[in-house]
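Report on the following structure.
In this note's numbering, the protein residues as written are 45 to 388.
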């Protein structure tokens, strides 16, 4: 009996000592990971700000097969939230507390486990860097309860190490998801229609086919600036008119233009001129996606012409109209370009 009594007291001392030890552990923690992602800050911000995208890149999605996501009526912006249930991972919820567009997002996460309920602060930071890349920082800070500290003592790694590994994986998946989203595109040949035409202000150039997109990006602002300086109304979206296109030689003569209401007489020698597109029958093709897919869209339009026994009108130049401004729409997958090929 004395041995049992001694063992009991020894066990009691161990328990008390362990409790004292756990109580003295600093429960405060802060973990953050960063990654430079080749995507604009607007796109990454909107992706993270919308909880319904988290199922596509969240690192915990691969950790169990029983995770069930539930969404509130509002899933983005301040007050947006979602929750989850899992026998293996426990239950919890996340709510957005503060949003500073394209710069930061503050959230509160609640974990519900057999050890009780705990809350922590989650934060995101977005830093725009050159070439439309973004440094994304994902962090969490809070304080562990007594039971949580006791639990992590029994594990091979600490809470911080576990979170760090999870955040690294999550940012890698976010990178892949964002870039896959930007690569999506659709091409639709709308068929034969009539283009109304009209006056336009333009700047013309001869260049290598390989640098057409770069030249267009430089020239459109010049035309726009000229029109603003001279109080000329813009009556449509910017377009590029292909006066000559020699794929074998790799050269093109083209004009970047912006529609205007009336005929404009420009000063002699001006780099910006005015011209007129006639009302004409055309085959229209619509590309929704990055401009890198324009070549495929043009081929689809000409293929339609051949398959339907139509004949291009070579006396009238083909042109493309940009329905979305890249500065206002950060995701290239949402850019819309209309291609018009004149036919006889």
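Beta carbons are placed, not taken as given, at the ideal position from N, Cα and C, and that holds for glycine. Given the structure is predicted, the values throughout are model-derived calculations rather than measurements.
Cβ contact annotation for residue 365 (same chain, cutoff 6 Å, sequence separation greater than five): 281, 283 and 382, in chain order.
Taking each of 369, 384, 376 and 350 in turn and checking the Cα distance to residue 363, the smallest one comes out for 384. Bounds of the beta strand (DSSP E) holding residue 235 are 230 to 239. Between the alpha carbons of residue 262 and residue 256 lies a gap of roughly 10 Å. Judged by DSSP secondary structure, residue 242 falls within the beta strand (DSSP E) whose first and last residues are 242 to 252.
Around the CB of residue 303, 16 or more other CB atoms lie within 10 Å, so the residue is classed as buried.
Of the other Cβ atoms in all chains shown, 16 or more fall within 10 Å of the Cβ of residue 77; this residue is therefore buried.
Put simply, the backbone Cα of residue 88 is about 42 Å away from that of residue 387. The beta carbon of residue 277 lies closer than 7 Å to those of 304 and 305 in the same chain, with the five residues before and after it left out.
Going by DSSP, residue 317 is part of the beta strand (DSSP E) stretching over 317 to 321. Rounded to the nearest angstrom, the Cβ distance from residue 130 to residue 110 is 5 Å, consistent with a contact under 8 Å.
Judged by DSSP in its simplified three-state form, residue 278 adopts coil rather than helix or strand. Counting C-beta atoms within 10 angstroms of its own C-beta, residue 361 has 16 or more neighbours from the protein chains shown and is therefore classed as buried. In the structure shown, the three-state DSSP call for residue 112 is strand. For the 8 Å CB-CB criterion, residue 222 and residue 80 do not form a contact. Contact between residue 172 and residue 178 holds: their C-beta atoms lie close to 6 Å from each other, under 8 Å. Separation of the CB atoms of residue 183 and residue 101 is rounded to 17 Å, and the pair is thereby denied contact status at 8 Å. When DSSP states are grouped into helix, strand and coil, residue 296 belongs to the strand group. For residue 288, the three-state secondary structure derived from DSSP is strand. DSSP, read as helix, strand or coil, puts residue 135 in strand. If the five residues before and after residue 86 are omitted, its C-beta is found closer than 7 Å to the C-beta atoms of 146 and 374, all from its own chain and listed in chain order. With 16 or more other CB atoms across the displayed protein chains lying within 10 angstroms of its CB, residue 298 is buried. The beta carbon of residue 149 lies closer than 8 Å to those of 89, 92, 93, 140, 142, 143, 167 and 168 in the same chain, with the five residues before and after it left out. In the structure shown, residue 338 adopts helical secondary structure according to DSSP, grouped into three states. In the same chain as residue 253, and ignoring 5 residues on each side of it, the C-beta atoms closer than 6 Å to its own belong to 294 and 296, in chain order.
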